[in-house]
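Numbering (this note's numbering), first residue to last: 145 to 310.
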């Protein structure tokens, strides 16, 4: 199954990385502009810019204050479980804190971790496993996913859950 359109678009950015030093990735800067955030560099955590930038490129609405990962908990339609293409929001640091991480669900691995396509995962756009224990919520940036999207494909992973999203 391919799609949804925003997930297909997000996949085209796999491999994009921050530029070390004083320069910044022009793509990341463009995403900041698309979500109307004040940042113009790739040193600020940019997972929300990735999600919002991709949605904006597809002509879709973005979350208000989309630079903050947890703001995506108020965007779209809430889901009670993951679906391929869903926005997933994680806590980072501690569950009751303010920091977080956001990306798109693409599947699960054999250990049951969510496989997430996101930005600023080790300073790059990639697919990494994340523990479901860190999930704060799932959101759908449309009316509702097709029922088949709840059947998460099993993807290959090294089983090491993400620890670097800052």
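Beta carbons are placed, not taken as given, at the ideal position from N, Cα and C, and that holds for glycine.
Keep in mind it's a predicted model, so treat the numbers as computed, not measured.
Handout entry: Alpha carbon of residue 178 to alpha carbon of residue 188, nearest angstrom
Key = Indexing the chain shown from 1 puts residue 178 at position 34. Indexing the chain shown from 1 puts residue 188 at position 44. The straight-line gap from Cα to Cα measures roughly 16 angstroms.
Problem - Among 181, 291, 290, nearest to residue 210 - alpha-carbon criterion - result: The residue labelled residue 210 in the question sits at position 66 within the chain shown. Ranking 181, 291, 290 by Cα distance to residue 210 puts 181 first.
Handout entry: Member of 166, 287, 278 whose CA lies at the smallest distance from the CA of residue 223
Key = Translated into positions along the chain shown, residue 223 becomes position 79. If we check each option's Cα against that of residue 223, 287 comes out closest.
Exercise for the section: Name the two residues that bound the continuous beta strand (DSSP E) containing residue 244. Expected result: Numbered from 1 along the chain shown, position 100 holds the residue referred to as residue 244. First-last of the beta strand (DSSP E) with residue 244: 244-252.
Exercise for the section: With a cut-off of 8 angstroms on the beta carbons, I'd call residue 311 and residue 160 a contact; round off their distance for me. Expected result: Missing from the structure shown is residue 311; the chain here goes from 145 to 310 and no further.
Handout entry: Through-space distance from residue 250 to residue 238, alpha-carbon basis
Key = One-based indexing of the chain shown puts residue 238 at position 94. One-based indexing of the chain shown puts residue 250 at position 106. Roughly 24 angstroms separates the two Cα atoms.
Practice task
Starting from residue 194, follow the alpha helix (DSSP H) in both directions and report where the run begins and ends.
Solution key: By 1-based counting over the chain shown, the position of residue 194 is 50. Its alpha helix (DSSP H) spans residues 191-201.
Exercise for the section: Quick one: grab the DSSP three-state call for residue 170. Expected result: By one-based count along the chain shown, residue 170 stands at place 26. The answer is helix: DSSP assigns residue 170 an H, G or I state.
Problem - Member of 292, 301, 243 whose CA lies at the smallest distance from the CA of residue 259 - result: Translated into positions along the chain shown, residue 259 becomes position 115. Nearest C-alpha to residue 259: 301.
Handout entry: Three-state secondary structure assigned by DSSP to residue 279
Key = Taking the first residue of the chain shown as 1, we reach residue 279 at position 135. Residue 279 falls in the strand class under three-state DSSP.
Exercise for the section: Work out the CA separation of residue 228 and residue 202 for me, nearest whole Å. Expected result: Position 58 of the chain shown, counted from the start, is the residue given in the question as residue 202. Position 84 of the chain shown, counted from the start, is the residue given in the question as residue 228. Going by the C-alpha atoms only, they are around 17 angstroms apart.
Problem - Through-space distance from residue 172 to residue 257, alpha-carbon basis - result: In the chain shown, residue 257 corresponds to position 113, counting from 1. In the chain shown, residue 172 corresponds to position 28, counting from 1. Using only the alpha carbons, I get a separation of about 27 angstroms.
Exercise for the section: Take residue 275 as the anchor and find which of 236, 205, 184, 207 has the nearest alpha-carbon. Expected result: Along the chain shown, one-based indexing puts residue 275 at 131. Comparing Cα-Cα distances from residue 275 to each of 236, 205, 184, 207, the minimum goes to 236.
Handout entry: Residues that DSSP places opposite residue 270 in a beta bridge
Key = Residue 270 sits at position 126 when you count from the first residue of the chain shown. DSSP output for residue 270 lists 262 as bridge partner(s).
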